[in-house]
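Chains A and P are the protein sequences, given in the same order.
The first sequence runs 15 to 231 under the working numbering.
The second sequence runs 15 to 231 under the working numbering.
Ideal Cβ positions, reconstructed from N, Cα and C, are used throughout, including at glycine.
Quick caveat: nothing in here was measured; it's all calculated off a predicted structure.
Worksheet: the structure to be examined is printed underneath.
Number of protein chains: 2
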Amino acid sequence: MTSRRVLTGSKQVSLEVIKRLSSYLRDLKTLENNGVTVVSSGSLAELLGISSVQFRKDLSYFGPFGKKGVGYNVCTLTAKLTELLGAGDCMGFALAGAGKLGSAIIQYSSLQRFNIKIMAAFDSDRRKIGKKIDGLVVADAKDMETTVRTMGLKIGVICVPAKAAQQVAERMASAGIIAVLNFAPTEIKILKKVHVSNVDICVEIEALSYFVRQSAT
Amino acid sequence: MTSRRVLTGSKQVSLEVIKRLSSYLRDLKTLENNGVTVVSSGSLAELLGISSVQFRKDLSYFGPFGKKGVGYNVCTLTAKLTELLGAGDCMGFALAGAGKLGSAIIQYSSLQRFNIKIMAAFDSDRRKIGKKIDGLVVADAKDMETTVRTMGLKIGVICVPAKAAQQVAERMASAGIIAVLNFAPTEIKILKKVHVSNVDICVEIEALSYFVRQSAT
DNA sequence: TAGATTGTTAATCGATTAACAATC
DNA sequence: TAGATTGTTAATCGATTAACAATC
Numbered sequence: 015m016t017s018r019r020v021l022t023g024s025k026q027v028s029l030e031v032i033k034r035l036s037s038y039l040r041d042l043k044t045l046e047n048n049g050v051t052v053v054s055s056g057s058l059a060e061l062l063g064i065s066s067v068q069f070r071k072d073l074s075y076f077g078p079f080g081k082k083g084v085g086y087n088v089c090t091l092t093a094k095l096t097e098l099l100g101a102g103d104c105m106g107f108a109l110a111g112a113g114k115l116g117s118a119i120i121q122y123s124s125l126q127r128f129n130i131k132i133m134a135a136f137d138s139d140r141r142k143i144g145k146k147i148d149g150l151v152v153a154d155a156k157d158m159e160t161t162v163r164t165m166g167l168k169i170g171v172i173c174v175p176a177k178a179a180q181q182v183a184e185r186m187a188s189a190g191i192i193a194v195l196n197f198a199p200t201e202i203k204i205l206k207k208v209h210v211s212n213v214d215i216c217v218e219i220e221a222l223s224y225f226v227r228q229s230a231t
Numbered sequence: 015m016t017s018r019r020v021l022t023g024s025k026q027v028s029l030e031v032i033k034r035l036s037s038y039l040r041d042l043k044t045l046e047n048n049g050v051t052v053v054s055s056g057s058l059a060e061l062l063g064i065s066s067v068q069f070r071k072d073l074s075y076f077g078p079f080g081k082k083g084v085g086y087n088v089c090t091l092t093a094k095l096t097e098l099l100g101a102g103d104c105m106g107f108a109l110a111g112a113g114k115l116g117s118a119i120i121q122y123s124s125l126q127r128f129n130i131k132i133m134a135a136f137d138s139d140r141r142k143i144g145k146k147i148d149g150l151v152v153a154d155a156k157d158m159e160t161t162v163r164t165m166g167l168k169i170g171v172i173c174v175p176a177k178a179a180q181q182v183a184e185r186m187a188s189a190g191i192i193a194v195l196n197f198a199p200t201e202i203k204i205l206k207k208v209h210v211s212n213v214d215i216c217v218e219i220e221a222l223s224y225f226v227r228q229s230a231t
């Protein structure tokens, strides 16, 4: 994995760090709901299955948030991480491919808690166009560029078959999308300035089955 | 991410390498279908969006497969990688949580091409139990241990809500599951010998939105 | 042969972790 | 104060990449 960096003030932080911060925020919210007011890096790290140093190191890219000898105020840290990740403002995204997986993501309720909202879904299949999924009408793929541009969407989620993925990604990029989450089992080659995250469920399971076969020896 | 290693003969190969090998195999199959007989690391790497050295290095953990000055025979390499990953034999898995995402995975046709097959699906929701999804009947979650053990399943996919994930994972592990793909937005703490891969769609998109906000400056 | 391309060693780069001073 | 825990520097570890000999 070529690790991509992101400029933060003068610092460059890897996307791995950002993902971890996002998961810290996720768990902090749970703690907050459970009425926990103060937490140490040690106990939170245990909850997250990482080391406490990694937690503190990750935070250190953005400033000191804790109190030595005490730990972290859950509310304060939650607020800081929310601000830092920009998770307080709603972020819309466009989705291409309203098949099984696409529909599941459209209806994925957890996204709401992350202030992430599906704004438009597209498909080229006549049978899917016009279909209403969770209140959202699937639009014709040929209108994608116009809609994405008009709505000013910056994030695209690709759930189309592998052979259509590259073209869809290019069209998204041309319409102003600068970050893509690709579920299609294929690599996408696109302008450097567009960030692509790949999730290939088949590859994930195949890697696990290699692990299983190894263990069988 | 703590990078997990897997023993291969005397060599230890990271799971990242295995995932890449899986994606190499995926693209080699496409080339094979397109009638390509020989390919160089350079052109394949370009297709994959990685460097040619990385491709050759990854292969080198398992032996020399190419011909110097020429490249790789597509059929031969496909066969070798298939054998190496054990991708020729069908690998079954169990799925917990037959909601939207779970159903999408049950019906995910690409898995077949990877010789990966859903063998049993479970849910604790009375409305879902007995439901037939793509020919598979959703079973009662309380029968999970027995069925998993009887069928000898080793891979589990978790699509239940976050708060149920930990318990489901533990029950899977107790029934003999040794590799888990977790889609629930929470960490799973489990026996060391069980490998857990996490895919948190919310975290993925939140990280992308951080990237988008950074670019806006 | 000359050109191309592999396989591998050594160098580099980045991420994780150990160690510890600072301080609540 | 003594104990706990943070924040950070330095050391370690691992992964990627550069360089190049081997050879088709």
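- The Cβ atoms of L222 of chain A and H209 of chain P sit closer than 8 Å to each other.
- Shown in chain order are the members of the stretch 123-142 of chain A whose Cβ falls below 8 Å from a Cβ of chain P: S124, L125, R127, F128 and I130.
- The way I'd put it, the stretch 128-142 of chain P doesn't touch the stretch 58-76 of chain P; fewer than three beta-carbon pairs between them come closer than 8 Å.
- For P199 of chain A, the neighbours in chain P by C-beta distance under 8 Å run, in chain order, R40 and S124.
- The straight-line gap separating the alpha-carbon atoms of S211 of chain A and D137 of chain A is approximately 21 Å.
- When only Cα atoms are considered, A153 of chain P and L205 of chain A end up about 46 Å apart.
- Inter-segment contact for the stretch 194-201 of chain A and the stretch 111-121 of chain P is absent: fewer than three beta-carbon pairs are separated by less than 8 Å.
- In this structure, I215 of chain A lies near Y122 of chain P, with their beta-carbon atoms less than 8 Å apart.
- Within the same chain, and ignoring the five residues on either side of Q181 of chain P in sequence, no residue has its Cβ closer than 7 Å to its Cβ.
- Contact annotation: in the stretch 94-120 of chain P, residues whose CB is within less than 9 Å of a CB in chain A are L98, L99, G100, A101, D103, M105, F107, G113, K114, L115, G116, S117, A118, I119 and I120.
- Distance from the CA atom of D157 of chain P to the CA atom of V151 of chain P, rounded to whole angstroms, is 13 Å.
- Cβ atoms of S54 of chain P and G77 of chain P stay farther apart than 8 Å, at about 18 Å.
- Annotation: K33 of chain P is outside any beta strand (DSSP E); the continuous alpha helix (DSSP H) that includes it extends over L29 to N47.
- The beta carbon of L42 of chain P lies closer than 8 Å to those of V53, L58, V88, L91, T92 and L95 in the same chain, with the five residues before and after it left out.
- Look at A189 of chain A here: in three-state DSSP terms it is coil, with no helix or strand label.
- Under the 10 Å beta carbon count, K146 of chain P is surrounded by fewer than 16 other beta carbons and is classified as exposed.
- A straight line joining the alpha-carbon of I219 of chain P with that of P175 of chain A spans about 20 Å.
- Distance from the Cα of L98 of chain P is smallest, within the candidate group P:A189, P:S36, P:G166 and P:Q26, for P:S36.
- What L62 of chain P touches in chain A, judged by beta-carbon distance under 8 Å, is E201, going in chain order.
- Nearest CB-CB separation between K43 of chain P and chain A: not below the 8 Å threshold.
- Within the same chain, and ignoring the five residues on either side of C104 of chain P in sequence, the residues whose Cβ sits closer than 8 Å to its Cβ are N129, I130 and K131.
- Look at L167 of chain A here: in three-state DSSP terms it is coil, with no helix or strand label.
- DSSP assignment within the stretch 58-114 of chain A yields the following whole beta strand (DSSP E) runs of 3 residues or more, N-terminal first: 105-110.
- At a Cβ-Cβ threshold of 8 Å, I192 of chain A and V226 of chain P count as neighbours.
- At a cut-off of 8 Å, the C-beta of V50 of chain P has no neighbouring C-beta in chain A.
- Taking CB atoms only, F69 of chain P has no neighbour in chain A less than 8 Å away.
- In the DSSP assignment, L150 of chain A falls within the unbroken beta strand (DSSP E) covering L150 to D154.
- Of the residues P:G49, P:V50, P:F79 and P:A101, the one whose Cα lies closest to the Cα of K33 of chain P is P:A101.
- G170 of chain P counts as buried, since no fewer than 16 other beta carbons sit within 10 angstroms of its beta carbon.
- Relative to N48 of chain P, the option among A:A230, A:K177, A:S229 and A:Q228 whose CA is nearest is A:K177.
- Bridge pairing for F136 of chain P: P:A110 and P:A153 [DSSP].
- Only residues of its own chain outside the window of five on either side were considered, and among them none has a CB closer than 8 Å to the CB of G149 of chain P.
- For V210 of chain A, the enclosing beta strand (DSSP E) covers residues H209 to N212.
- For C216 of chain A, the enclosing alpha helix (DSSP H) starts and ends at I215 to S229.
- In the DSSP assignment, L125 of chain P falls within the alpha helix (DSSP H) that extends over S124 to R127.
- About 6 Å separates the beta carbon of V162 of chain P from that of G190 of chain P, a gap short enough to meet the 8 Å contact definition.
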